[in-house]
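K.L.:
Chains as they are written, first to last, in numbering that gives the first Met the number 0: chain A, 0 to 217; chain B, 0 to 217; chain C, 0 to 268; chain D, 0 to 221; chain E, 0 to 221.
My questions will all concern the structure given below.
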Amino acid sequence: MSGLKREASGVAKRPLLDVSGLACRRGGVDLFSQLDFRLAPGEFLLVKGDNGCGKTTLLRALCGLTRPVAGVVRWRGETVWAHDAFASELHYIGHREGVKDELTPLENLVVYGGLRDERYSEADCAEVLAEVGLMEASVVPVRYLSQGQRRRCALARMLLSPAKLWILDEPYNALDQAAVAWLSNKVRDHLLGGGMVVATSHQPVTGVPDPRVLELGR
Amino acid sequence: MSGLKREASGVAKRPLLDVSGLACRRGGVDLFSQLDFRLAPGEFLLVKGDNGCGKTTLLRALCGLTRPVAGVVRWRGETVWAHDAFASELHYIGHREGVKDELTPLENLVVYGGLRDERYSEADCAEVLAEVGLMEASVVPVRYLSQGQRRRCALARMLLSPAKLWILDEPYNALDQAAVAWLSNKVRDHLLGGGMVVATSHQPVTGVPDPRVLELGR
Amino acid sequence: MATDRSIPWFKFLSPPAFHQLVDRLVPWLWGGAAVLAVAGLYVGFFVAPPDYQQGNSYRIMFIHVPAAWMGMLIYLLMAMYAIIHLAWRVRLADVMARSLAPTGALMTALALWTGSLWGAPTWGTYWVWDARLTSSLILLFLFLGYLALHAAASDREKGGRAASLLAIVGAVNVPIIYFSVKWWNTLHQGISVTVADAPSMAPSMFSALLLMTFAFWLYAAAVGLRRAQVEALERSGDAEWARRAILGRVTNEPGGTKTGDTMIRGRRG
Amino acid sequence: MRRALWTILWRDVGLVVTRRQDVLTVVAFFVIVIMLFPLAVGPEPEILRELAPGGVWLAAVLAHLLALDRLFADDWRDGTLEQLAVTPQPLALIVLAKLAAHWVAIGLPLVLLSPVLGYTLGLHGATLGVLAASLALGTPVLVLLGATGAALTLGVRGGGALMALLILPLIVPVLILGSGAVSQAIYGGDILPYFYLLAALLALALPLAPLAISAALRIALD
Amino acid sequence: MRRALWTILWRDVGLVVTRRQDVLTVVAFFVIVIMLFPLAVGPEPEILRELAPGGVWLAAVLAHLLALDRLFADDWRDGTLEQLAVTPQPLALIVLAKLAAHWVAIGLPLVLLSPVLGYTLGLHGATLGVLAASLALGTPVLVLLGATGAALTLGVRGGGALMALLILPLIVPVLILGSGAVSQAIYGGDILPYFYLLAALLALALPLAPLAISAALRIALD
Ligand code: HEM
Ligand SMILES: Nc1ncnc2c1ncn2[C@@H]1O[C@H](COP(=O)(O)OP(=O)(O)OP(=O)(O)O)[C@@H](O)[C@H]1O
Ligand SMILES: Nc1ncnc2c1ncn2[C@@H]1O[C@H](COP(=O)(O)OP(=O)(O)OP(=O)(O)O)[C@@H](O)[C@H]1O
Ligand SMILES: [Mg+2]
Ligand SMILES: [Mg+2]
């Protein structure tokens, strides 16, 4: 089925994300420059490189959080810097999960839905929490959860949102093997459904068809 | 050479860390109970298990940070709870690195040495920072470093301290492949030198001879 | 605290046994409180003579003063339980301290409220910054702080330990606060009204006061124990006896208390 | 978009309300600080009455400063701020909703409680109403200014930290106008000018502060 | 061991100094609160002088409150507190060093500044010395008690306000004794009893508070 879908969406395979001449600098050091690529629906871009080579910086520039020193990132032809319509099609998970310590996973989901103006029903939330294995933990404040459970909470949030572009900074961090496999499946499904993913990982990524790899060198 | 050393230290292979009947509970749930094991110099214990099964809790109990509901952890025959002499032989790296955002890596090392009453010379610090690849970054406040560089800073601290027992909670997290291999080497050297390591990891651990594995089940 | 000292007599108070004890005791306590209160109010309102200065308004004293006394007493009790909790890791002591605190806060608030009602006819204002009033207000805040700290931690065990520590720190401070406030008040002569000494007591007044005090005592014991019972049930989670207790079928078998004893002793021998 | 704003507001307010305890804590804090006044300067009623306007207002400012200090720092540290910035709503609006919820949790209880506390310090009758009204008009300004300071502190890289210091002097006029109104009311003076000025400050801060805050937050995130 | 304590002391002083704005905010707050007194009670010199002791002391107490929030929270959040707890030094000693640093950064500036501020409120000559001395003796107690509250509320929601609720009742004696000493000095009374009592409080708190704090920190880490 999904194979079919892919074919069907082949017509629409116009790249939506368009990066041209991108350069970022941190503390006076040029991390990368003259970066050009495009990403079309169904494509997966894996950014690789050593610690500190600028992967996180690149991902944040793609989100419009960091302003590049040169070049431009475009989504559907418009630049992404502080661009709210783009944000509704984007889901970003960074090194810090962005879940609130004081709230329970369930509350975190509800609050987040409200922020994005997406109304998640209690049942949906419960279902997705069960899927990431936070069923019992869904009423415990996140502060008490284990590191992996926190990450799972952030992933649950991603599953609820209808975003088309996922930007994931080392999503496998702190996840156990079952969760890694599960996440790979989710990514594959997302791609087959016409979504797009940009991710970094120091672990090998398996279970995802033909990722395009971008090596950031020093 | 290292093989020889190991033989030589065979005489002293009395277990130093002795865990008996250990049980921990969190929020009314028993995470594990009736845990018994001993660890002798040169031994490596790898704690495995799913997210949220209690690995971090166990490691913190070994450090004397969490008080178990039953059982006891002994180091050289004395219980570890708030036991200061034990602390001087222990190095713990948790999920949070415990490096100060406002200080540079170099300052972090110096301060840490002061805390443990161990005097690290500038040269030693510089050398170890170069080894973990933080040479240029050694004067940038940690706040600006990448996730992997932060972890490296915590590892640099570990290399400086003469602690005998390393307790490492997912030390490979956020490290790139070169750093993972390097750390495995360091762990092996530490073991061959008569040290002891307790670690958790969701990634396969390679390059370390015959780890003993403890599976924490739910 | 590394060694595990034990108090043998607490072994008798395993949660199921405690549960039954409370069930038996509480009706008697309630009964006693009611009888004493009726007697005290009767003596206070019909037997005791009116005060030559204040007329009948002084009769509020029969509630005001016992409430004030109970507030202070309960804080001391709470601190004692807190010490037992931390020193011997007896969790039931934490349950007791936690259960007494709302009653203590209520009593202190009652004393402040009746006092200020009393103040309106006698001083012409509901509030002055008098030493006794101020230190009672501080006491109320000590209670509230204890309760808030207990509630703010979502982990009961941790919250309990932190709150016990606070109760002890507070208890060390209570006498210091009390005397310094007294001193503060004598330092500033400017204040025109002070809490008068109790009206010279007729014997009937005194006995009414005593009756009411004991009535409050029994009430506090009844409410505190009942609350402790419920809290102990909650914390014991799904222990077998607790489930039976909730279904209202606790029987007299001392045998079936396998998980129960963990309630009492934080750590098993 | 208006709907989104309301959702955020309601969600945040709902969150605050379900955590009654936090609101109660703020209230207790307010009472205790007021109690310190007689303890520090003595219980003489005339002096206390004179200090009452400034005292209640000072307690309100302190409560706001304490509560606002952490407003964005926590969000920044745990990554929530990044998430807020990549939300379909304009950041300034989200900030506004957050602040409104914050005011409901902190400012409103103080406003409602202030007459009681004013009474214990010796204020009477209409003065108590003036006290509450001045707080109702002034505390939103405190929230807006305090939040601006909190946001500027995040931008450690630039001169943000020092700019944050400018916020404190900005709060002073609010304090002076607010307590001034109440003092005037005690002596039966004309309180309207004070209220006009407070309202003017609010009218100025309400649109500008959220913009300044969102700009500061974007800089902090960059 | 001695060296370790010095390190902590230097580190913390250094940290506070790198985050200048924290110190500056506290100091600015102190100054502003005191400057507000004349505005609140009018410029009559006698009344001002009478209120000066209470005013300065009150400002000091509130300023300390503002600064305590950060004391352990940052260390706790970034994992440094865990590291401190598994250090060969007793936790209580480390805490003591940390508090000493905190006092140097926050309490000391207030002590040094107080004579100037007292002067603006109409205090003179020896009284200014008494004011500074009473603060020098009293502010360490404020830090010790305040840190107890900060440690107890670590990792608990409700943060700053809850901490204040716990601390302020405990601080009352210090406030009374401190401002009492200065008041006595104005009228030429005997100030020694006050100083003895303040010293007694310090002598009590100095050994006990670090123990309570380290116990509270261990609970928070558990
Ligand atoms: C003519 C008026 C009042 C009289 C004769 C009076 C008398 C008393 C007495 C005899 C006690 C017990 C004292 C002890 O055991 O040391 C007491 C305690 C107390 N009264 Fe009153 N009271 C009066 C008015 C008020 C008012 C107006 C208030 C409050 C607004 C108040 C608040 C308290 C409090 C809080 C206590 C308990 C604190 C303590 O015992 O020190 N009283 N009062
Ligand atoms: N103010 C600054 N001064 C100097 N260098 C800086 C400054 N800010 C950032 N950097 C450098 O910029 C780089 C940021 O890299 P980034 O966080 O994007 O790395 P990354 O590829 O995500 O690494 P990791 O794999 O560790 O997550 C780091 O090398 C860091 O040292
Ligand atoms: N207050 C609480 N209430 C309920 N559950 C709690 C509470 N505190 C902790 N827990 C649970 O205890 C467990 C703690 O696990 P721990 O952090 O030791 O996991 P871990 O094995 O290290 O997991 P990870 O691989 O994700 O790091 C989690 O399952 C968590 O949900
Ligand atoms: Mg990165
Ligand atoms: Mg873990």
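For glycine and all other residues, C-beta sits at the position ideal for the given N, C-alpha and C.
Bear in mind that the values here come from a model prediction, so they are computed numbers and not experimental data.
Tell me whether Gly51/A sits in a helix, a strand or coil according to DSSP, three-state version.
P.N.:
coil
K.L.:
Of all Cβ atoms in chain C, is any one closer than 8 angstroms to the Cβ of Tyr186/D?
P.N.:
The beta carbon of Tyr186/D sits no closer than 8 angstroms to any beta carbon of chain C.
K.L.:
Cβ closer than 7 angstroms: which chain B residues qualify as neighbours of Asp154/C?
P.N.:
At a beta-carbon threshold of 7 angstroms, the residues of chain B lying near Asp154/C are Gly26, ordered along the chain.
K.L.:
For the beta strand (DSSP E) containing Gly70/A, name the first residue and the last one.
P.N.:
Ala69 to Trp74
K.L.:
Below 7 angstroms CB to CB, which residues in the same chain sit around Ile83/C once its five sequence neighbours on both sides are set aside?
P.N.:
Only Val89 and Ala92 meet the Cβ criterion.
K.L.:
Since Arg211/A and Asp77/D are thought to touch, with beta carbons under 8 angstroms apart, how far apart are those beta carbons, to the nearest angstrom?
P.N.:
About 32 angstroms separates the Cβ atoms of Arg211/A and Asp77/D, ruling out a contact at the 8 angstroms cut-off.
K.L.:
Span of the beta strand (DSSP E) holding Glu214/B?
P.N.:
Arg211 to Glu214
K.L.:
Is Ile7/E helix, strand or coil when you go by DSSP?
P.N.:
Collapsing the DSSP output to three states places Ile7/E in a helix.
K.L.:
Tell me whether the region 140 to 152 of chain C and the region 61 to 69 of chain C touch, counting them as touching only if at least three CB pairs, one residue from each stretch, are closer than 8 angstroms.
P.N.:
no
K.L.:
Restricting to Cα atoms, I'd like to know which of Leu65/D, Pro209/D and Gln82/D is closest to Cys62/A.
P.N.:
Gln82/D
K.L.:
Nearest chain E C-beta to Gly189/C closer than 8 angstroms, yes or no?
P.N.:
Caution applies to Gly189/C, whose pLDDT of 44 falls short of 50 and renders its modelled position unreliable; the value that the coordinates give is listed next. No, because no Cβ of chain E sits closer than 8 angstroms to the Cβ of Gly189/C.
K.L.:
What's the C-alpha gap between Leu65/E and Ala66/D?
P.N.:
10 angstroms
K.L.:
Return the first residue and the last residue of the beta strand (DSSP E) that Gly20/B is part of.
P.N.:
Leu16 to Arg25
K.L.:
Anything in chain A within Cβ reach of His90/B, meaning under 7 angstroms, just list it in chain order.
P.N.:
Correct list: empty, because the minimum Cβ distance to chain A is about 19 angstroms.
K.L.:
Name the residue from Ala110/C, Ser235/C and Leu141/C whose alpha carbon lies nearest to the alpha carbon of Arg131/C.
P.N.:
Ala110/C
K.L.:
Step through the CB atoms of chain C and report whether any lies within less than 8 angstroms of the CB of Leu136/E.
P.N.:
No - not a single Cβ of chain C is within 8 angstroms of the one on Leu136/E.
K.L.:
Let me check you understand the geometry: is the CB of Ser145/A closer than 7 angstroms to at least one non-hydrogen atom of ligand 5?
P.N.:
Judged by the Cβ position, Ser145/A qualifies as a neighbour of ligand 5 at the 7 angstroms threshold, a heavy atom of the ligand being closer than this.
K.L.:
Tell me whether Gln188/C is buried or exposed, calling it buried when 16 or more other Cβ atoms sit within 10 Å of its Cβ.
P.N.:
Confidence at Gln188/C is low in this model, with a pLDDT of 49, below 50, so the placement of that residue should be treated as unreliable; the coordinate-derived value is given next. Looking at its Cβ environment, which holds fewer than 16 other Cβ atoms inside 10 Å, Gln188/C is exposed.
K.L.:
Can you tell me which of Trp9/D, Ile218/D and Ile185/D puts its alpha carbon nearest to the alpha carbon of Pro52/D?
P.N.:
For the set Trp9/D, Ile218/D and Ile185/D, the Cα lying nearest the Cα of Pro52/D is the one of Ile185/D.
K.L.:
Looking at His149/C and ligand 4, is the gap between the Cβ and the nearest heavy atom below 7 angstroms?
P.N.:
At a threshold of 7 angstroms, His149/C does not count as near ligand 4, since its beta carbon sits no closer than that to any of the ligand's heavy atoms.
K.L.:
Have a look at Ala162/A, Pro208/A and Glu117/A and flag the residue whose alpha-carbon is nearest the alpha-carbon of Ser183/A.
P.N.:
Ser183/A has its Cα closest to that of Pro208/A, out of Ala162/A, Pro208/A and Glu117/A.
K.L.:
Can you tell me where the alpha helix (DSSP H) holding Phe149/A begins and where it ends?
P.N.:
It should be pointed out that residue 149/A corresponds to Arg in this sequence rather than to Phe. For Arg149/A, the enclosing alpha helix (DSSP H) begins and ends at Gln146 to Leu159.
K.L.:
Closest to Leu165/C by C-alpha separation, out of Leu207/E, Val173/E, Leu176/E and Ala199/E, would be which residue?
P.N.:
The option with the nearest alpha carbon to Leu165/C is Leu207/E.
K.L.:
According to the neighbour-count rule (16 or more other Cβ atoms, all chains shown, within 10 Å of its Cβ), is Arg156/D buried or exposed?
P.N.:
With a pLDDT of 47 at Arg156/D, under the threshold of 50, the modelled position of this residue cannot be trusted; read the value that follows with caution. Exposed: under 16 other Cβ atoms inside 10 Å.
K.L.:
Exposed or buried, what is Met211/C when buried is set at 16 or more other beta-carbons lying within 10 Å of its beta-carbon?
P.N.:
buried
K.L.:
Could you check whether the Cβ of Lys12/B sits closer than 7 angstroms to any heavy atom belonging to ligand 3?
P.N.:
no
K.L.:
Can you name the residues of chain A whose CB is closer than 7 angstroms to the CB of Asn172/B?
P.N.:
Asn172 and Ala173
K.L.:
In chain order, what residues of the same chain lie with their CB nearer than 6 angstroms to the CB of Ala231/C, ignoring the 5 residues before and after it?
P.N.:
Excluding residues within five positions, the ones whose Cβ falls inside 6 angstroms are Pro14 and Val94.
K.L.:
In terms of DSSP beta bridges, what is Thr199/A paired with?
P.N.:
Val46/A and Asp168/A
K.L.:
Heavy atom of ligand 4 less than 7 angstroms from the Cβ of Thr107/C, yes or no?
P.N.:
no
K.L.:
If you draw a straight line from the alpha carbon of Leu176/D to that of Asp68/E, how long is it in whole angstroms?
P.N.:
Cα-Cα distance, rounded: 28 angstroms.
K.L.:
Taking the beta carbon of Pro48/C as the centre, do at least 16 other beta carbons fall within 10 Å, making it buried, or is it exposed?
P.N.:
exposed
K.L.:
Would you please verify whether the beta carbon of Ile46/E is less than 8 angstroms from any beta carbon of chain C?
P.N.:
The Cβ of Ile46/E sits no closer than 8 angstroms to any Cβ of chain C.
K.L.:
Taking 8 angstroms as the CB-CB limit, is Lys99/B close to chain E?
P.N.:
For Lys99/B, the answer is yes, since a Cβ of chain E falls inside 8 angstroms of its Cβ.
K.L.:
Per DSSP, which residues does His90/B bridge with? Please list them.
P.N.:
Trp165/B
K.L.:
Is the shortest distance between the beta-carbon of Val94/E and the beta-carbons of chain C less than 8 angstroms?
P.N.:
no
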